[in-house]
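Visitor: First the structure, which I've put down as C-alpha cells, then a few questions once you've had a look.
Numbering (the working numbering), first residue to last: 25 to 278.
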C-alpha cells in the first residue's frame with residue numbers, strides 16, 4: 025500500500041496536482057467528491073470531502089479559523105486530534121486502497137499528529153509564488169465567489185457547529201477588518217505554513233513541486249511524480265490523460 029498526501033495551502037495549485045494524481049491512477053476519493061468546488065475551479069477541486077470535513081472540524085475544536093488568517097495553536101490542535109482519533113482512523117480505513125491519497129489545504133496542520141496512522145506515506149509538498157497565492161485568494165474573496173465558497177465551507181461542519189462557525193467568522197471580520205483581502209497577513213501565514221511543511225517532511229519520503237514548474241514543464245513534472253510514486257508510465261494513455269489535464273484552456277488555474 026502507498027498513501028499519497030498533498031501538503032499545501034489554499035490557492036496554491038493543489039487542485040491541478042490532485043487532478044494529475046487522479047489521472048495517473050491514484051485514488052483521490054469518490055468521483056462526486058472530486059467534482060465539488062466548481063465555483064473556484066472549473067473541473068472541481070479534487071478533494072475528498074470526508075478528509076476536508078475531518079480537518080475543518082478538528083480545527084474548529086482547536087478554536088482555529090480555516091484559511092490564510094493565522095496558524096492554529098499547536099497545543100489545542102494536538103488535543104483536538106487526540107479527541108478525534110477514532111474518527112480519523114475511521115475515515116482513513118474507509119478510503120485506503122493499494123495506491124490512494126488525498127488533498128486538502130488544511131491537512132498540513134494536522135499531519136504531524138496523524139502521520140503514524142498512515143501506511144507507507146508519501147508526501148508531495150505543493151508550492152506556488154506567494155504573491156500569486158495572495159492575488160488568487162483576493163479573487164475568491166470577491167462577492168461573486170465568496171458566498172458560494174462560504175456556503176461550501178459551512179457544509180463541511182457538523183450541523184450543530186455551523187452557527188458558531190458563522191459567528192466566529194463575522195467576529196474576525198468585524199474586529200480585524202477583511203483579513204481575507206489583507207496581503208500582508210496572508211503572506212506571513214503562507215511563509216510560516218511553508219516552513220511548517222518543510223520541517224515536517226524533511227525526514228520523510230517527500231517530493232516538492234512548484235505550480236509554475238508544472239505549467240511550464242508538464243511532461244517533466246508528471247514523470248517526476250510517477251517516479252516518486254513508482255507509477256509505470258508504459259501505459260501511454262495514462263500519461264497522456266495526465267498531460268491533457270494540465271492544459272490551461274481546460275482548467276481554471278487562477
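Ideal placement from N, C-alpha and C gives every residue a C-beta, glycine not left out.
Using C-beta distances below 7 angstroms, list every residue in its chain close to residue 80, excluding the 5 sequence neighbours before and after it, in chain order.
Guide: Only 90, 130, 180, 181 meet the Cβ criterion.
Visitor: With DSSP as the reference, please indicate the residues paired to residue 52 in a beta bridge.
Guide: Answer is none; residue 52 lacks a bridge partner.
Visitor: Bridge partners for residue 230 per DSSP, in chain order?
Guide: DSSP, once it has assigned bridges, lists 147 as partnering residue 230.
Visitor: Opposite residue 78 in the DSSP bridges: which residues?
Guide: DSSP, once it has assigned bridges, lists no residue as partnering residue 78.
Visitor: Which parts of the region 206 to 262 are runs of the beta strand (DSSP E), unbroken and 3 residues or longer, counting only runs that do not cross its ends?
Guide: Fully enclosed beta strand (DSSP E) runs of 3 or longer: 230 to 234.
Visitor: To the nearest angstrom, how far is it from the Cα of residue 87 to the Cα of residue 249?
Guide: Roughly 35 angstroms between the two C-alpha positions.
Visitor: Hey, would you say residue 217 sits closer than 8 angstroms to residue 95, going by beta carbons?
Guide: Cβ distance < 8 angstroms, so residue 217 and residue 95 count as in contact.
Visitor: Can the beta-carbon of residue 119 be found less than 8 angstroms from the beta-carbon of residue 74?
Guide: In contact: residue 119 and residue 74 (Cβ atoms closer than 8 angstroms).
Visitor: Can the beta-carbon of residue 36 be found closer than 8 angstroms to that of residue 69?
Guide: For residue 36 and residue 69, no; Cβs fall outside 8 angstroms.
Visitor: Is the beta carbon of residue 150 closer than 8 angstroms to that of residue 32?
Guide: In contact: residue 32 and residue 150 (Cβ atoms closer than 8 angstroms).
Visitor: Count the other CB atoms within 10 Å of the CB of residue 137; is the residue buried (16 or more) or exposed (fewer)?
Guide: Answer is buried; the Cβ neighbour count reaches 16.
Visitor: For residue 162, does the three-state DSSP call read helix, strand or coil?
Guide: Helix.
Visitor: With burial defined as no fewer than 16 other Cβ atoms inside 10 Å of the residue's Cβ, what is the status of residue 259: buried or exposed?
Guide: Residue 259 comes out exposed.
Visitor: Pull the bridge partners of residue 31 from the DSSP assignment, please.
Guide: Answer is 149, bridged to residue 31.
Visitor: What's the C-alpha gap between residue 247 and residue 257?
Guide: Approximately 8 angstroms, taken between the alpha carbons.
Visitor: Could you tell me which uninterrupted alpha helix (DSSP H) segments, each at least 4 residues in length, are contained entirely in the region 106 to 142, listed from first to last along the chain?
Guide: Fully enclosed alpha helix (DSSP H) runs of 4 or longer: 109 to 119, 131 to 138.
Visitor: Alpha carbon to alpha carbon, what distance is there between residue 65 and residue 214?
Guide: Rounded to the nearest angstrom, the two C-alpha atoms are 21 angstroms apart.
Visitor: Take residue 158 as the anchor and find which of 212, 190, 252 has the nearest alpha-carbon.
Guide: When only C-alpha atoms are compared, the closest one is 212.
Visitor: Quick check: the Cα distance between residue 59 and residue 233, rounded to an integer number of angstroms?
Guide: If you take the alpha carbons of residue 59 and residue 233, they lie about 23 angstroms apart.
Visitor: Applying the 10 Å Cβ sphere with the 16-neighbour rule, what's the burial state of residue 276?
Guide: Note on residue 276: pLDDT 48, under 50, position unreliable in the model; the coordinate value appears next. Exposed, because fewer than 16 other Cβ atoms sit within 10 Å of the Cβ of residue 276.
Visitor: Closer than 8 angstroms is the cut-off here; do at least three beta carbon pairs connect the region 224 to 242 with the region 139 to 154?
Guide: Judged by Cβ distances under 8 angstroms, the region 224 to 242 makes contact with the region 139 to 154, as three or more pairs qualify.
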